[in-house]
Amino acid sequence: MSNSGEAMSDLICFSHLRWHFVWQRPQHLLSRASQDRRVWFVEEPQTAEGEPRLEIVPVNPQLSVVTPQLPLRLDEAAQRLALQGLMESWWRTRAFDMPLTWYYTPMAWAFSSTLPAGVVVYDCMDELSLFQGAPPALRALEQQLLARADLVFTGGRSLYEAKKHQHKSVHAFPSSVDVGHFAAARHWRGARPLDQDGVPRPRIGFFGVIDERLDIGLLRGLAAVRPDYHFVMLGPTAKVDPASLPSAPNVHYLGMKGYDELPAYLAGWDVAMLPFARNDATRFISPTKTPEYLAAGRPVVSTSIADVVEPYGERGFVRIADDPWTFARAIDNALADGPERLQRVDTFLSTMSWDRTWQGMQALIEMASRPVAPTGRPGSTHAGPTDPVFAGPAA
């Protein structure tokens, strides 16, 4: 939180993710931002009958979700013009005074680039251009956004390395964790989820979006080589045909769960897993669930995702394996883990929090908002270190 005592400008976020979907980085950060300032979370448009309009729904007194409603059958150019008109009208109606604008998707730059803004932040949490179905215009719009942005934050070390030469002020803020929320799973005293309670043990669990990042072949192989282990999959399915997912008596798809429900499910797992494919979509990911699993006290097995291998794999907090046989053996070993592992994990996690991440970001935003100094030193809109600023312990 800021100690300046001054009224802080509104924050307007443009996101490719919806607020009421999986609770992840945008929700963690922007709910904290709303403690100090008014936050408007602008989602991608939905189709609706009638004239173009904005649907604005409060989440709390300081944060609202803004969803453009556009008529069906508008082509890309017409959508862009409609969105630009809606944003310009809304800007005038609300009399926004050089708000802080925050981008998760460069696609929003196509209709928002002319809006009067103060500090512009690009919080790059994924390399979206590598995702399945990425719009062809995304790369060019990202370059335009980078040319205007005052600050670029990245969701992990790999993304930092990919972006650090593309802008003067790039800062790495890897995925953090609400330790207290997930640590409740270690000594759970609440009700046990009914849909999981009947699943035999040992239970090997995963939560997250089930999409092209999941290694379907690995999951199918694990179910086959360890028929006595039961694999619990929590989360919505996106961009994959549910019929293509492994179907076996020991694979259980329990659907999407709320953030508040996750500790109860984790409490009933023996091992947590990250069965990610190694493809373009996962090349730069920094899974938020890694420290969340660890905070819950679960042993973790993951494929060799770069931002999991370093720091978690190299410190011995997460076992790394990529094929069904070695992954299964890693699960075998994880089931034998003793409590001594948790002490080292807890020491590592003690320096990580979303509060700390937001405070670090806020400090850089305040620095970027100062007038440009004649020396070009602190006070420049691109001030701040060019080396990564990490939310967790240094490597």
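End of the sequence shown = 398 in the numbering used here, gap-free, step of one.
All residues carry an ideal CB built from backbone N, CA and C; glycine is no exception.
Note that the structure is a prediction, hence the values are computed from the model and not measured.
Judged by beta-carbon spacing, Leu33 lies beyond the 7 angstroms limit of Val182, meaning their Cβ atoms are not closer than that value.
Its Cα nearest to that of Lys292, the residue Leu237 stands out among Ala284, His255, Leu237. Using a C-beta cut-off of 8 angstroms, the stretch 233 to 249 makes contact with the stretch 207 to 220, since at least three inter-stretch Cβ pairs fall below that distance.
Looking from the CA of Tyr256, the closest CA among Arg195, Gln199, Gly220, Pro29 belongs to Gln199.
Sorting Ile207, Leu222, Gly258 by C-alpha distance to the C-alpha of His233 places Ile207 at the top.
Lys242 and Pro109 have their C-alpha atoms some 20 angstroms from each other. About 5 angstroms separates the Cβ atoms of Glu295 and Phe185, confirming a contact at the 8 angstroms cut-off.
Put simply, the backbone Cα of Asp39 is about 8 angstroms away from that of Gln65.
In the structure shown, Pro61 adopts extended strand secondary structure according to DSSP, grouped into three states. The DSSP-derived three-state label of Ile334 is helix. Straight-line spacing of the CA atoms in Glu47 and Tyr107 works out to 11 angstroms. For Val69, the uninterrupted beta strand (DSSP E) segment begins and ends at 66 to 73.
Nearest in C-alpha terms to Ser307, of all of Asp325, Ala298, Tyr315, is Asp325. Membership of Tyr106 in any alpha helix (DSSP H) is not indicated; the residue belongs instead to the beta strand (DSSP E) covering 103 to 106. Along the stretch 112 to 145, the alpha helix (DSSP H) occurs as fully enclosed runs of 4 or more residues at 112 to 115, listed in sequence order. Around the CB of Ala227, fewer than 16 other CB atoms lie within 10 Å, so the residue is classed as exposed. When the beta-carbon positions are compared, Ala280 and Asp218 come within less than 7 angstroms of each other. By the beta-carbon neighbour count (other beta carbons within 10 angstroms, threshold 16), Gln346 is exposed. Arg322 counts as buried, since no fewer than 16 other beta carbons sit within 10 angstroms of its beta carbon. Residue ranges of uninterrupted alpha helix (DSSP H) with 4 or more members, entirely inside the stretch 158 to 241 and ordered along the chain, are 160 to 166, 182 to 186, 197 to 200, 219 to 228.
For Ile368, the enclosing alpha helix (DSSP H) stretches over residues 357 to 371. For Trp43, the uninterrupted beta strand (DSSP E) segment begins and ends at 42 to 45.
Scanning Leu73, Cys127, Arg76, His23 for the CA closest to the CA of Ser67 turns up His23. Cβ contact annotation for Leu73 (same chain, cutoff 8 angstroms, sequence separation greater than five): Pro48, Gln49, Thr50, Ala51, Pro55, Gln82, Ala85, Leu86, in chain order.
According to the DSSP assignment, Val304 belongs to the beta strand (DSSP E) that extends over 303 to 305.
DSSP places Thr50 in the strand class (E or B) of the three-state scheme. Each residue's CA atom was taken as its position, placing Trp93 and Glu145 some 24 angstroms apart.
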